[in-house]
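For what it's worth, the working numbering labels the leading residue of the sequence shown as 32, then goes sequentially. Each remark here refers to the structure printed beneath this line.
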Amino acid sequence: MGVTEGAAGDATEGPAEGPGEPASGRRFTPFGRLWASTAVSALGDGVRLTALPLLALSLTTDPLLISLVTVANWLPLLLSPLAGVWADLADRRSLLIGVDLLRAAAVLVLTLTVFTGVVSLPVVCAVAAVLGLGETVHIVASQSYLPMVVDPGRLATANGRLHVAQLIFRDSAGQPLGSLAFVAGAGLPFLIDGVSFLLGVALLVSLPRFPGPSARTGPGGAPRWRTMILDGVRLLRTDRLLATLAGMLGALNFFMGVTGTLEVLYVVRWLGLPEAAFGVFLAVGALGGIAGGLLNSRLADRFGLFPAALGGMALMGVAMLLTGLVQHALVAAIGFALMALGAAVYQALTVSFRQATTPPGQLGRLNGVYRLVGTGTIPLGALAGGAVAKLVQVNIPYVAAGAGVLLLFVLVARPVVRMGAAQEQRAGAPAEAAS
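Listed below in structure tokens is the structure:
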């Protein structure tokens, strides 16, 4: 991300139970299996996310060309509305399985090109695009599937634990492993990633099936895709708070795209560290994200959902400025950790709010349109970051992004808190429970 919400739950408890499953019953619940699948796939993702920019760096040192890999990976976000409709029409479990099989095939093809020595930057970009398409569908389907296996009051806890699983297995374990695996053999990280997708699919197969909640058809038996996309647009447009949050996410992800595409160059060129240190920095950053994923619901209980989420946003901006202004490895590591902590708090709280306030049968199409607005800016941010880094220095985009995030915070903080309080009053429930 970019940036991906509370009844508080004890962070030491087991996975959240699905509806109708008591805490004293069978422990490996549908959510437990979803969590395990997320964790296994996240380990492979971390290995690949470190190795892919290192592979691109081995093919070119041009910041603008390297940013094209990020652009290719995030460009399929433009298809998010179609993914949202698909998630409302299809069996969401089958959709998750299908896209993970597609991603496994793509990354294993990349493995073959690396092992045979025919890999090139266009090949890397093409595989990144396929992986991005799979991730676009997978995230929309997963966010729409989760409320079907988790009680509404536990969504914030469940989202936090899924986020923590990604941070532990993808960032803390997978990304340092990716650096080591790449040094051992450039194709090895991608082989590990492909196998992890297949193991994740084996766990997804055991999840319960739910028919598409909106499996309606138009004339001739064809699904009314256009009508459903427009329905998602209407749902977002008529809810001022959700529309504002989508716009905020779009701005945040633009700035995250600016910095995210330059991380490998920042560590290697600006800090002057060896390539193997890149994965270590990402792992250090993950520790902050883990803290945010575990603390988000408690912060919402203490300060309110939207004040806590906005605090996470402000922390991201401060961390970006700190990282861009101070050329020191320890300061950079602290900045990476604070950026991830702020992003985890903001993401978990706002995603759960969206899940809890949208009818399940319409959640897919709303998620699709929301993600188009909220994450479709990442390719633009990646291009902007690469261009600025090429023209000046690699730290300047971090400074600009930090200033942009803090300006956004100043502009939206009061209106968002006010709208959140008004919605809480209408619902007759505290904001913490609404998440």
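Here a beta-carbon is modelled for each residue, glycine too, at the ideal position from N, C-alpha and C. Since the structure is predicted, the reported quantities are computational estimates derived from the model, not experimental observations.
Applying the criterion that 16 or more other CB atoms from any shown protein chain within 10 Å of the CB defines a buried residue, is Thr381 buried or exposed?
-> Locating residue 381 in the sequence shown gives position 350, counting from the first residue. It counts as buried.
With DSSP collapsed to three states, give me the class of Asp93.
-> To locate residue 93, count along the sequence shown from 1; it is residue 62. If DSSP states are grouped into helix, strand and coil, Asp93 belongs with coil.
Same chain, Cβ closer than 6 Å to Tyr297, five either side skipped, listed in chain order | Sequence index remark: in the sequence shown, residue 297 carries index 266 (1-based). The residues are Val425.
Leu357 to Ala434 span [Cα, whole Å] | If you number the sequence shown from 1, residue 357 lands on position 326. If you number the sequence shown from 1, residue 434 lands on position 403. What sits at residue 357 in the sequence shown is Val, not Leu. Those two C-alpha atoms are separated by around 15 Å.
Distance between Leu127 and Leu397 (C-alpha atoms, nearest Å) | In the sequence shown, the residue the question calls residue 397 occupies position 366. In the sequence shown, the residue the question calls residue 127 occupies position 96. So the alpha carbons of these two residues sit roughly 18 Å apart.
State the CB to CB distance for the pair Ile223 and Gly416, rounded to an integer number of angstroms; the pair is presumed to be in contact (CB under 8 Å).
-> For the purposes of this step, residue 223 is identified with residue 192 of the sequence shown, where counting begins at 1. For the purposes of this step, residue 416 is identified with residue 385 of the sequence shown, where counting begins at 1. No, Ile223 and Gly416 are not in contact; Cβ-Cβ is about 28 Å, not under 8 Å.
Excluding five sequence neighbours on each side, which residues of the same chain lie with their C-beta closer than 7 Å to the C-beta of Arg123?
-> To locate residue 123, count along the sequence shown from 1; it is residue 92. Answer for Arg123: Ala172, Ser175, Tyr176, Phe241, listed in chain order.
Rounded to whole angstroms, what's the CA-CA distance from Leu267 to Tyr401? Just pull it up for me.
-> Start at 1 with the first residue of the sequence shown, and residue 267 comes out as number 236. Start at 1 with the first residue of the sequence shown, and residue 401 comes out as number 370. Distance between the alpha carbons of Leu267 and Tyr401: 7 Å.
Going by other Cβ atoms of all chains shown within 10 Å of its Cβ, with 16 needed for buried, is Ser328 buried or exposed?
-> If you number the sequence shown from 1, residue 328 lands on position 297. It is buried - the Cβ of Ser328 has at least 16 other Cβ atoms within 10 Å.
Quick one: residues in its chain with C-beta nearer than 6 Å to the C-beta of Val404, no 5 flanking neighbours on either side, listed in chain order?
-> One-based indexing of the sequence shown puts residue 404 at position 373. Here the set comprises Ala277, Gly281.
Going by alpha carbons, who is nearest to Gly320 out of Phe221, Arg300, Leu283, Leu372?
-> For the purposes of this step, residue 320 is taken as residue 289 along the sequence shown, with counting starting at 1. When only C-alpha atoms are compared, the closest one is Leu372.
Just the Cα atoms here: how many angstroms apart are Leu186 and Ala114?
-> Here residue 186 is taken as the residue at index 155 of the sequence shown, counted from 1. Here residue 114 is taken as the residue at index 83 of the sequence shown, counted from 1. Rounded to whole angstroms, Leu186 to Ala114 spans 22 Å at the Cα level.
Straight-line Cα distance separating Leu422 from Val140 = Numbered from 1 along the sequence shown, position 109 holds the residue referred to as residue 140. Numbered from 1 along the sequence shown, position 391 holds the residue referred to as residue 422. So the alpha carbons of these two residues sit roughly 35 Å apart.
If you draw a straight line from the C-alpha of Gly56 to the C-alpha of Arg255, how long is it?
-> Residue numbering aside, residue 56 sits at position 25 when the sequence shown is read from its first letter. Residue numbering aside, residue 255 sits at position 224 when the sequence shown is read from its first letter. Residue placement at Gly56 is poorly supported in this model, since its pLDDT is 42, which falls under 50; the coordinates still yield a value, given next. Their backbone Cα atoms lie some 41 Å apart in a straight line.
Ala253, buried or exposed, once every other Cβ within 10 Å from all chains shown has been counted against 16 = The residue you call residue 253 lines up with position 222 of the sequence shown. Residue placement at Ala253 is poorly supported in this model, since its pLDDT is 47, which falls under 50; the coordinates still yield a value, given next. So Ala253 ends up on the exposed side.
contact_flag[the segment 198 to 208, the segment 69 to 87] where n(CB pairs < 8 Å) is 3 or more = yes
CB Gly343 to CB Val311, shorter than 8 Å?
-> In the sequence shown, the residue the question calls residue 343 occupies position 312. In the sequence shown, the residue the question calls residue 311 occupies position 280. Result no, Cβ atoms of Gly343 and Val311 do not sit closer than 8 Å.
Answer with buried or exposed for His14, where buried requires no fewer than 16 other C-beta atoms within 10 angstroms of its C-beta.
-> Not covered by the structure: residue 14. The range shown for the chain is 32 to 466.
Is it buried or exposed for Val145, if we count other Cβ within 10 angstroms and need 16 for buried?
-> Position 114 of the sequence shown, counting from 1, holds the residue named residue 145. With 16 or more other Cβ atoms within 10 Å, it is buried.
DSSP state of Val425, grouped into three classes?
-> Your numbering for residue 425 matches position 394 in the sequence shown. Three-state result, Val425: coil.
For the alpha helix (DSSP H) containing Arg151, list its first residue and its last residue.
-> Here residue 151 corresponds to residue number 120 of the sequence shown, with the count starting at 1. The amino acid occupying residue 151 in the given sequence is Ser; Arg does not appear at that position. Counting along the chain, Ser151 falls outside any alpha helix (DSSP H), and DSSP gives it neither H nor E.
Decide if the segment 95 to 108 is in contact with the segment 300 to 317; the criterion is three or more beta carbon pairs, one per stretch, under 8 Å apart.
-> no
Cutoff 8 Å; reference Ala137; Cβ partners in own chain excluding five residues on either side | Locating residue 137 in the sequence shown gives position 106, counting from the first residue. Correct list, in chain order: Val158, Val161, Leu162, Gly165.
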